[in-house]
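Residue numbers (this note's numbering), protein chains in the order written: chain A, 30 to 339; chain B, 830 to 1154.
Report on one structure; see the data block that follows.
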Amino acid sequence: MKKKRAALSLGPIYYLWDGPKWRDFYFRIADEADVEHVTLGETVCSKRQHFSEPHAAEVIERLEAGGKQVTLSTLAMVTLERECRHVRDLIRDSDHKVEANDLSALGLLKGQRHSIGPLVNVYNAATARALAARGAQNICLPPELPAGSIRQMLYAMPDFSFELFAFGRMPLAISARCAHARSKGLTKDNCQFVCGEHPDGLPLRTLDRQSFLVLNGVQTMSNSCAVLLDDLAPLVDAGLARVRLSPQDCDMVRVAEIYRAVLDQRVDGSAALSDLFRIYPDIPFSNGFLHQREGAAWVARGRSAALTLG
Amino acid sequence: MELICPAGTPAAFREALEAGADAVYCGFRDETNARNFPGLNFSREELRQSIALARRKNVQTFVALNTFMRAGDEALWYSAADDAVALGADALILADFGLMAYVAERYPQQRLHVSVQASASNPDAIRFLVETFNAKRVVLPRVLTVQDIARLTSQIDCEVEIFVFGGLCVMAEGRCSLSSYATGKSPNMNGVCSPASHVRYREEGGSLVSELGAYTINRFGSGEASGYPTLCKGRFDVAGAEGYTFEDPVSLDVIDEIDALRAAGVSALKIEGRQRGRAYVAEVVSVLKKALGATSAERAPLVSRLRTLSEGQRTTSGAYDKRWR
């Protein structure tokens, strides 16, 4: 039997990066990264859209010249009239495939080929089927899902493209209130874009100085970086089509290289892990959700156990 | 506007009926509902008896099946829906698209309400739910202002229900995995948030520390009132400054806004608190019922009566007021 191959996909940048940083990141991805799919566009906060939008056209052109399939991401939370209009316009005018991150996009995309992002609640095959019937062709599953649920869905829909969130700080919550602005004594409406000061999130620690979460505007993310390595091969064998890398403020070209090598079984999980520790230092790794544990947990196998405990 | 009241037990259900509820919502004793706490909720037989009692008083019963179906175990949710329909529930409150599709296809006559956990926050989202699953009512997530709600109701062909009193989610409901990040148990998958099974308190140098899983959620000095460590209402350290990063330990109260909510086209007001005792339910329901029928001048003493029932005695109007953001 032919060995199955999973594609690598780069998710949208959840953080606020200034325009030139955003553009240069994607230029390098376009030129150097071994990824098949790139999903981009402001996903977390509509107030930030003007930072990246002026660069979007040249970035998309460069990515396509680099052979990447480009998908445009919609906003995770849509409440204002302006935000509704933005989602409608994007879906109506785009020549590119769109990734839905809220229910309005799901509705507007009916009958059009589209993707579903990890911020839409797809916990079972019944839901995936309902969405596929409306035109969804790829679903990036929520980071909270345990491996058992993922396997069930792969088994139930063998020809469908499922994607797994396999690298990056996990989006855990979104609010109408901006905790990031609040931490600086500001509110969402007069935020002064303070989230832009923290291109990898603003760390939130417990009163006992435990690392715990990071604030990213209206979004709350895990402090730990999800890293799924040894867990990938059995899921790819079961039919997993894509593996998503979520951009952090680190060398994502190198991260993609490592994941490609792991997926191609040129490098084992523990060697990959020590490389990732160097590329994204001082950040704990986690894979607890996949193992049906607390999301912050790291469940080690074999040699990687010694590495992370040491 | 209808008053939708919580019942975690048959006793609370009866109290809600007596106190003037227009509808009572409840769930089965398992992970199909988002208040899956020990000692709460209804057996099939208890629901049958409660619905019969409610019918005699001309009160509706809504059954919440508002967690997300665990892949491979969908039968648990499907049979809960089958039984709720067979027992005569006036509406099912659902969050999972797969379960909505099942109910819409199998029981097209059954009234389907969209749970707050589905996070439908705009007209296009609600149209999607109406067109796809024939939803008759949407419980709005607590992310909208009263003005947002007024604009929304004028654009949709669907009733709107909103939370007005009780516990307050700071995060968009149904889109929060903070609890499972710390404990492995989440509202979406297990019907619990910051579960008691993972809570510990410890004394440390004269202060009381509350923990959820491995994480410190708060520390109370002597003389400071302590509270339950709900993750999003904890005290944390951000860049060296300690404080309530997301929200103080407050609860929701927008009774002052009843007239504005009515004018905004809201069909039903919902009280949170299926985990609360029957005395609380009786008191809150009867005061709110009076407030609904009162003039704004008559309402003031009722509002202050309600304040004393609130968690920690402090309340907020949350996202309904733009300044909260």
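Note that beta-carbon positions come from the ideal geometry of N, C-alpha and C, so glycine has one too.
- Annotation: Cβ neighbours of residue 972(B) in chain A (cutoff 7 Å, chain order): 106, 108 and 205.
- Residues of the region 113-128 of chain A that bring their beta carbon within less than 9 Å of a beta carbon in chain B comprise 113, 116 and 117, in sequence order.
- Taken in chain order, the complete alpha helix (DSSP H) segments of 4 residues or longer contained in the region 894-932 of chain B are 903-915.
- Chain order gives the chain A residues near residue 1064(B) as 236, where near means a beta carbon separation below 8 Å.
- The alpha-carbon of residue 209(A) is positioned some 43 Å away from that of residue 846(B).
- Here the C-alpha atom of residue 934(B) lies approximately 17 Å from the C-alpha atom of residue 966(B).
- For residue 1071(B), the chain A residues whose C-beta falls within less than 9 Å of its own C-beta are 236, listed in chain order.
- Identification of residues in the region 910-936 of chain B having a C-beta nearer than 9 Å to some C-beta of chain A yields 924, 925, 926, 927, 928, 929, 930 and 931, given in sequence order.
- Going by DSSP, residue 234(A) is part of the beta strand (DSSP E) stretching over 231-235.
- Judged by DSSP in its simplified three-state form, residue 72(A) adopts coil rather than helix or strand.
- Using a CB distance cut-off of 8 Å, residue 186(A) does not count as an interface residue toward chain B.
- With respect to residue 1020(B), residue 896(B) sits close: the two C-beta atoms are nearer than 8 Å.
- Taking the Cα positions, residue 307(A) is about 18 Å away from residue 329(A).
- For residue 975(B), the enclosing alpha helix (DSSP H) begins and ends at 975-982.
- Contact of residue 830(B) with chain A by beta-carbon distance below 8 Å is absent, the smallest such distance being about 22 Å.
- DSSP, read as helix, strand or coil, puts residue 103(A) in coil.
- Residue 879(B) carries a helical assignment under DSSP once its states are collapsed to helix, strand and coil.
- Under DSSP, residue 855(B) shares a beta bridge with 892(B).
- With 16 or more other CB atoms across the displayed protein chains lying within 10 angstroms of its CB, residue 76(A) is buried.
- Burial check for residue 212(A): the Cβ neighbour count within 10 Å reaches 16 or more, so the residue is buried.
- Within chain A, the residues placing a beta-carbon under 8 Å from that of residue 999(B) are 204 and 206, ordered along the chain.
- One finds 201, 251, 323, 324 and 325 in chain A with Cβ atoms closer than 7 Å to the Cβ of residue 1010(B), taken in chain order.
- Nearest CB-CB separation between residue 903(B) and chain A: below the 8 Å threshold.
- In this structure residue 1041(B) is not in contact with residue 1030(B), their Cβ atoms being roughly 11 Å apart against a cut-off of 8 Å.
- For the 8 Å CB-CB criterion, residue 1125(B) and residue 831(B) do not form a contact.
- Distance between residue 237(A) and residue 63(A), taken at the CA atoms: about 41 Å.
- Around the beta carbon of residue 184(A), fewer than 16 other beta carbons sit within 10 angstroms, so the residue counts as exposed.
- Contact note: residue 194(A) does not reach chain B at a C-beta cutoff of 9 Å; the least C-beta distance is about 12 Å.
- Between residue 177(A) and residue 321(A), the gap from beta carbon to beta carbon is short of 8 Å.
- By the neighbour-count definition (other C-beta atoms within 10 Å, threshold 16), residue 865(B) is a buried residue.
- Taking residue 868(B) as reference, the option from 1000(B), 1105(B) and 883(B) with the minimal CA-CA separation is 1105(B).
- Beta bridge pairing from DSSP links residue 1033(B) with 1036(B).
- With distances taken between CA atoms, residue 204(A) lies nearest to 998(B) out of 1016(B), 998(B) and 835(B).
- At a cut-off of 8 Å between beta-carbon atoms, residue 865(B) makes no contact with chain A.
- For chain A, the residues of the region 975-1006 of chain B that bring a beta carbon within less than 8 Å of one of its beta carbons are 977, 980, 999, 1000, 1001, 1003, 1004, 1005 and 1006, in chain order.
- From the beta-carbon of residue 217(A), the residues of chain B found nearer than 7 Å are 1154.
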